[in-house]
Amino acid sequence: MTETSETDLIERAQRGDRSAFEALLRSHYDAMYRMAYKWCGNREDAQDITQTACIKLARSLASFRFQSAFLTWLYPLVINTAKDWMRARARHPAGDGKDPDYAQEPVAEQKVYAGQVLDRIRALPEREREAIYLVFSEGLSHREAAQAMACRESTVSWYIHEARKKLRSLREREARHG
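Take the sequence shown: its letter number 149 is residue 149 in the numbering used here, and every next letter is one higher.
Here it is as structure tokens:
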């Protein structure tokens with residue numbers, strides 16, 4: 001989608017054009033779902049988080065002022081929805097939190113390793129995890145991630161540095177202890 005057509009869709013959706021809002025959702029739904037899934041690691045929860053984020057988007061779209069890229073504005077909405085969802089889930093646990101479909105899939109060694117890496121990332125402190133996802137998974141620059149996280153660019157760099165140290169330490173500890 002070109003920047004002009006996205007801007008047009010946003011402006012029309014802000015004025016109440018339902019078809020423009022639906023088109024905007026169609027173009028960003030996959031990115032919203034990916035972020036939710038990476039945050040929670042469970043397909044059903046990711047779908048619920050994404051749906052809740054869509055509702056929040058409908059309610060808050062009027063507050064978007066074109067001061068950043070739309071996705072930069074959208075990521076915190078999805079991440080905060082995921083954080084709220086995970087906090088609520090922690091208060092009311094149901095099952096072991098593992099995705100049963102994912103657990104039953106035949107997995108190659110790479111897929112297992114990727115799952116282990118995601119588990120390690122999910123164990124990081126919230127802000128470090130958020131920085132890692134935005135920069136490495138979503139491809140945002142440190143500046144864009146800083147906008148999405150409402151902090152300084154140097155803070156994003158520090159979060160990433162700290163996260164890498166912790167991930168490296170975990171990997172080394174696991175290698176020593178098998």
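Don't be surprised by glycine CBs; every beta carbon is placed ideally from N, CA and C.
Please read these numbers as outputs of a predicted model, since none were measured by experiment.
query                                                                                                                                                                  : result
What's the call for Val-107, buried or exposed, on a 16-neighbour Cβ count within 10 Å?                                                                                : Here Val-107 scores only 43 on pLDDT, less than 50, and its place in the model should not be relied on; the value that follows carries that caveat. Under this definition Val-107 is an exposed residue.
So does the stretch 38 to 50 actually touch the stretch 11 to 19, counting three or more Cβ pairs closer than 8 Å?                                                     : no
Quick check: Leu-242 and Tyr-75, are their CB atoms within less than 8 Å of each other?                                                                                : The requested residue 242 does not occur in the structure, where the chain is confined to residues 1 to 178.
From what residue to what residue does the alpha helix (DSSP H) around Pro-125 run?                                                                                    : Premise fails: Pro-125 is in no alpha helix (DSSP H) and is neither H nor E.
Can you tell me whether His-161 is buried or exposed, with buried defined as 16 or more other CB within 10 angstroms of its CB?                                        : exposed
To test your reading of the DSSP string, which unbroken alpha helix (DSSP H) runs of 4 or more residues are found completely within the stretch 132 to 161?            : 142 to 149
Between Thr-7 and Glu-172, what straight-line distance do the alpha-carbon atoms span, to the nearest angstrom?                                                        : 47 Å
Mapping the DSSP letters down to three states, classify Phe-21 as helix, strand or coil.                                                                               : helix
Contact between the stretch 118 to 130 and the stretch 153 to 169 is defined here as three or more beta-carbon pairs at a separation below 8 Å; is this criterion met? : yes
Going by DSSP in three states, Arg-164 sits in which element: helix, strand or coil?                                                                                   : helix
Are the CB atoms of Ala-131 and Ala-150 within a distance shorter than 8 Å?                                                                                            : no
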